[in-house]
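**Q** First the structure, then my questions, so here it is.
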Amino acid sequence: MVPPPPPGFADWDAFDRSLPPEHQGSAFACVDPTGAGPRLFFQRVPEGKTVKNRVHLDVRVGTGMVGAERLAALDAESARLVGLGATQVRRMTADQVNESCIVLQDVEGNEFCLD
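No gaps in the numbering here: position 45 of the sequence shown is 960 in the numbering used here, and each next residue is one more.
Written out as structure tokens, the structure is:
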């Protein structure tokens, strides 16, 4: 099931064309239509493998949450994962475009986001 495009766009192609050329066609997400399963987000990056992972996973924790409630859920899951061996890399707070997320690394150094 494909979610509706952002407000103001007739379809996802129109949204993609509104992006700067270097970002057009650079991202795609597979979403469980029930909202219960994981979301897989695919994003092209300009760097080679030495700079970024070939696969970057976003682990959905704060779905439907905003503000302090979302940060509390992200922080709690981050603490749990750090206890299992992950390392917190950075905490990105919300701005006008993006919600908060926390970037972590697994025990092998692969980055993933709590989103």
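Ideal placement from N, C-alpha and C gives every residue a C-beta, glycine not left out.
By how many angstroms is the C-alpha of E937 removed from the C-alpha of V924?
**A** One-based indexing of the sequence shown puts residue 924 at position 9. One-based indexing of the sequence shown puts residue 937 at position 22. It should be noted that the sequence gives Phe, not Val, for residue 924. Roughly 20 Å between the two C-alpha positions.
**Q** Short check: CB of S941 to CB of R954, under 8 Å?
**A** Walking along the sequence shown from the start, residue 941 turns up at place 26. Walking along the sequence shown from the start, residue 954 turns up at place 39. Contact flag unset, no.
**Q** DSSP beta-bridge partners for L955?
**A** Residue numbering aside, residue 955 sits at position 40 when the sequence shown is read from its first letter. Bridge partners of L955: C945.
**Q** Going by C-alpha to C-alpha distance, which of R975, A929, D1010 and Q939 sits closest to A951?
**A** Within the sequence shown, numbered from 1, the residue matching residue 951 stands at position 36. Of R975, A929, D1010 and Q939, the residue nearest in Cα terms is R975.
**Q** What is the DSSP secondary structure of F1027, counted as helix, strand or coil?
**A** Residue mapping note: residue 1027 aligns to position 112 of the sequence shown, counting from 1. F1027 falls in the strand class under three-state DSSP.
**Q** Indicate whether V1004 and Q1020 have their beta-carbon atoms separated by less than 8 Å.
**A** For the purposes of this step, residue 1004 is taken as the residue at position 89 of the sequence shown. For the purposes of this step, residue 1020 is taken as the residue at position 105 of the sequence shown. Contact flag set, yes.
**Q** Can you grab the Cα-Cα spacing for the pair D973 / F1027, in whole Å?
**A** Numbered from its first residue, the sequence shown carries residue 973 at position 58. Numbered from its first residue, the sequence shown carries residue 1027 at position 112. Their backbone Cα atoms lie some 6 Å apart in a straight line.
**Q** What span of residues does the alpha helix (DSSP H) with D990 cover, start to end?
**A** Along the sequence shown, one-based indexing puts residue 990 at 75. D990 -> alpha helix (DSSP H) spans G982 to G998.
**Q** Is R932 helix, strand or coil by DSSP?
**A** Here residue 932 corresponds to residue number 17 of the sequence shown, with the count starting at 1. Of the three classes helix, strand and coil, the one that applies to R932 here is helix, per DSSP.
**Q** Exposed or buried, D1030, counting other C-beta atoms within 10 Å across all chains shown (16 or more means buried)?
**A** Counting from 1 along the sequence shown, the entry for residue 1030 is found at position 115. So D1030 counts as buried.
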